[in-house]
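Keeping their order, the protein sequence lines are chains A and B. FYI, the numbering used here numbers position 75 of the first sequence as 193, with every residue one higher than the one before it. FYI, the numbering used here numbers position 132 of the second sequence as 250, with every residue one higher than the one before it. Glycine included, C-beta positions come from ideal geometry on N, C-alpha and C. Presented below is the structure to which this report refers.
There are 2 protein chains.
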Amino acid sequence: MKIAFIGLGNMGGPMALNLHKAGHDVGAFDLSKPACDKLAEGGVRIAADAGTCVLGAEVVISMLPASQHVEALYLGNDKQPGLLPQLAEGALVIDCSTIAAATSRKVADTAKARGLAFIDAPVSGGTGGAIAGTLTFMVGGDTAALERARPILEKMGANIFHAGSVGAGQTAKICNNMLLGILMAGTSEAIALGVANGLDPKVLSEIMRRSSGGNWALEKYNPMPGVMETAPASKGYAGGFGTDLMLKDLGLAQENAAAVKAATPLGGLARNLYAAHSLAGHGGLDFSSIIKMMQKG
Amino acid sequence: MKIAFIGLGNMGGPMALNLHKAGHDVGAFDLSKPACDKLAEGGVRIAADAGTCVLGAEVVISMLPASQHVEALYLGNDKQPGLLPQLAEGALVIDCSTIAAATSRKVADTAKARGLAFIDAPVSGGTGGAIAGTLTFMVGGDTAALERARPILEKMGANIFHAGSVGAGQTAKICNNMLLGILMAGTSEAIALGVANGLDPKVLSEIMRRSSGGNWALEKYNPMPGVMETAPASKGYAGGFGTDLMLKDLGLAQENAAAVKAATPLGGLARNLYAAHSLAGHGGLDFSSIIKMMQKG
């Protein structure tokens, strides 16, 4: 299948490579020359620009940093024309970026008017999951479009959830990541409180993991250095999911909550905690480093 | 073994009954006559008062509402003498109440001076676990005392964790319950945000359960009515663990945090959310009803 892949960063790069390895005819593009060069080394055909990239493609996949990039790519702005008018008739657009649900719906509406199918399919699983092809996709869109996308998504991920109509993938992702931000900070507080009382963080973590405090952070991603060898906490908080990325997702959750008048008191506080953590210079560290805020410096 | 059991409420009652059923010689007492009558119906011998109850007992178990009750029982106050001087030489005291760790240590110190062994062994698992004998005990105290207590605790519970020295059981319990309060409120926010965006709460819950938002609430105790048949949410928030009990535990966590100068921003906010929920008249409902605060009335 002829696939155009736009956005070759830490996530998009390995995702495009997995599609190439699976035998698809992948053409790729990124504004960053080094990102393109890396993919070219892997044997992926690099296009001269985004417009050239999508010519004749049956499927267009995008993996971009934020709402404005996705909107500019497909709908255009005062500096560039949008891609949608250039896509082949009946093409399927899969946007894997984590952006505002409203932007997904806006692009989907324009795509539909042109007879194109669109799904939003943001991912979780990090760069490790992107490389291993074990990402989780949270998909918004109609069932027919999802079924067209499924064989392609399966080359990049291990779990595919159908969250609802267009935009629902984004909503599921920000709900999940808001909860993740809360439970990582909450787990950090609980462990730090125990340690301040003289408890062994390993013993306390194990007790809570097997009790009603059990959660993904205690299971896979303990924020306290030394408790879990494989966690970023035990590697100086390198790799993993950066504080600034968590801050971005918590910001999207708050924007969304404001738009629908939802009450998210812990989500709002969590965003401010990660913002303060980023201001303190830890934006590049894994988000589990939030426990530093609860420890003596 | 001759056991004195003091405090026969919703938790202590069934715990004492399980020890009686296991063949121990249980003498029991509670200030509430109906609580005593209920145990008497189960065949448990009821003592005239706490002092009579503990006479000659090898093990004394207490399950009381709060720190001041435990302190008054063992150390006495201006209205009553403490029990410790009346205990048989070498007796083991097991306090299962959820109280301040500092109170546990205070009672343990006096017990030690009298040659008595003491452990704090607060529980989780609720009234269902107390009746079924499947409680989780979080134990603080030395290993020798815990090993003496173990065969007795095993008659009332399924999991026994050794958290550390005296008081550590209390600390582990409040750390766990603070985290539980945070993750239940956080899970409620995330589900409510998704629903406000048109997502199906069952679909969203399942996506988050299997993703990095996964936690005990999504696994066993979903706060949204109709998602999980067996959860209190699907039974009008009856039964389960009351909002006022969660509020008490979150208050203990904040007292402790203040004493050791720990930072617990989400724990502090969670306490205030449950306090507001209680003020709104929901103190008697299961604590997962906190989701009402995030829903249209």
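Query raised in the report: Based on Cα-Cα distance, which residue from B/L311, B/L210 and B/V241 lies nearest to A/M326?
Result: B/V241
Query raised in the report: In three-state terms, what does DSSP make of A/A218?
Result: coil
Requested in this report: Output yes or no for whether 7 Å exceeds the beta carbon distance between A/N128 and A/T245.
Outcome: yes
Query raised in the report: Can you list, in chain order, the residues of its chain whose CB lies under 6 Å from that of B/I300, leaving out five sequence neighbours each side?
Result: L384 and A388
Query raised in the report: Are the C-beta of B/E272 and some C-beta of chain A separated by less than 7 Å?
Result: no
Query raised in the report: Which residues mark the beginning and the end of the beta strand (DSSP E) in which A/D404 is found?
Result: It is not in any beta strand (DSSP E) - A/D404 carries neither H nor E in the DSSP assignment.
Query raised in the report: Thinking just about the alpha-carbon of each residue, which of B/C214, B/A235 and B/R223 is nearest to the one in B/F255?
Result: B/C214
Report task. Could you round the C-beta distance between B/D318 and B/V284 to whole angstroms and report it? I think they count as a contact, below 8 Å. Result -> In fact, because the Cβ distance is near 49 Å, the residues do not count as touching under 8 Å.
Query raised in the report: So, using beta-carbon positions, are B/L370 and B/Y392 closer together than 7 Å?
Result: no
Query raised in the report: Counting along the chain, where does the alpha helix (DSSP H) carrying A/H280 start and finish?
Result: Not the alpha helix (DSSP H): A/H280 falls in the beta strand (DSSP E), residues G275 to G282.
Query raised in the report: How about B/M296: is its C-beta nearer than 7 Å to some C-beta of chain A?
Result: yes
Report task. Measure the alpha-carbon distance for A/T305 versus A/L135 and round it to whole angstroms. Result -> 36 Å
Report task. Determine the closest residue to A/N340 out of A/S330, A/A314 and A/A308, with distance taken between C-alpha atoms. Result -> A/A308
Query - Contact under 7 Å by Cβ, A/M181 with A/M274 - result: no
**Report entry** First and last residue of the uninterrupted beta strand (DSSP E) at A/G145
**Finding:** D143 to F147
Requested in this report: Drop a sphere of 10 angstroms on the beta-carbon of B/A398, count the other beta-carbons inside from all chains shown, and report buried for 16 or more, exposed for fewer.
Outcome: exposed
Query - Bridge partner(s) assigned by DSSP for B/R163 - result: B/G145
Query raised in the report: Based on Cα-Cα distance, which residue from A/K379, A/M412 and A/M296 lies nearest to A/L363?
Result: A/M296
Report task. Taking A/V321 as the query, report the chain B residues whose CB atoms sit under 9 Å from its CB, ordered along the chain. Result -> F279, H280, A281, G282, A286 and A290
**Report entry** Euclidean distance between Cα positions of A/L173 and A/V257
**Finding:** 25 Å
Query - B/I309 - containing alpha helix (DSSP H), residue span - result: A286 to A314
Query raised in the report: Whose C-alpha, out of B/E189, B/H142 and B/P343, is nearest the C-alpha of B/E272?
Result: B/H142
Query raised in the report: With DSSP run on the structure shown, which of helix, strand or coil describes A/D155?
Result: helix
Report task. Look up B/I124 in the DSSP assignment and give the residues it is bridged to. Result -> B/F147 and B/S180
Query raised in the report: Going along the chain, which residues of its own chain have a beta-carbon closer than 6 Å to the beta-carbon of B/A303, five neighbours each way excluded?
Result: A388, L391 and I408
**Report entry** Sequence-distant residues of the same chain with beta carbon closer than 6 Å to B/F279, five excluded per side
**Finding:** M256
Report task. From the DSSP output, in three-state form, read off A/D367 for me. Result -> helix
Query - Environment of B/P350 [buried if 16+ CB atoms lie within 10 Å] - result: buried
Query raised in the report: Hey, quick one: how far does the alpha helix (DSSP H) through B/A239 stretch, first residue to last?
Result: Counting along the chain, B/A239 falls outside any alpha helix (DSSP H), and DSSP gives it neither H nor E.
Query raised in the report: Taking Cβ-Cβ distances shorter than 7 Å, what residues in chain B pair up with A/C293?
Result: A308, L311, G312, L322 and M326
Report task. Could you work out which residue in B/I124, B/T348 and B/K366 is closest to B/L157 when comparing CA atoms only? Result -> B/I124
Requested in this report: Assign B/T361 to one of three DSSP states: helix, strand, or coil.
Outcome: helix
**Report entry** Per-residue contacts from A/S352 into chain B (C-beta, under 7 Å)
**Finding:** Simply none; closest approach about 18 Å.
Requested in this report: Answer yes or no: does any C-beta atom of chain B fall closer than 7 Å to that of A/A380?
Outcome: yes
Query raised in the report: Ordered along the chain, which non-local residues of its own chain (more than five positions away) have a Cβ less than 7 Å from that of B/I217?
Result: A184, S185, V188 and Q288
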